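Below: the structure, in structure tokens.
Residue numbers (the working numbering): 1 to 50.
What follows is the structure, encoded as structure tokens:
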């Protein structure tokens with residue numbers, strides 16, 4: 001059974017390496033000025049085409 005789960009993990013890792021898309025989720029803490037800073041960080045990350 002452990003061998004089957006290892007094989008399935010290897011298949012998942014090989015399939016995920018073929019599609020090299022990156023997903024970044026930014027969730028601000030609901031406090032003053034956190035939203036603006038995370039919007040700026042999101043803009044910097046997106047400008048680097050990550």
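All C-beta atoms, glycine included, are put in the ideal place defined by N, C-alpha and C.
All figures in this text were calculated on a predicted structure; none of them were measured in a lab.
Thinking just about the alpha-carbon of each residue, which of the options is nearest to the one in residue i?
| i | options | result |
| --- | --- | --- |
| residue 30 | 24, 23 and 38 | 38 |
Report all residues from its chain with a CB closer than 7 Å to the CB of residue i; omit the five preceding and five following residues, and keep chain order.
| i | result |
| --- | --- |
| residue 45 | 24 |
From the DSSP output, in three-state form, read off residue i for me.
| i | result |
| --- | --- |
| residue 32 | coil |
| residue 47 | helix |
| residue 42 | helix |
In its own chain, which residues sit with a C-beta less than 6 Å from the C-beta of residue i, not counting the 5 before and 5 after it?
| i | result |
| --- | --- |
| residue 26 | 38 and 42 |
| residue 50 | 22 |
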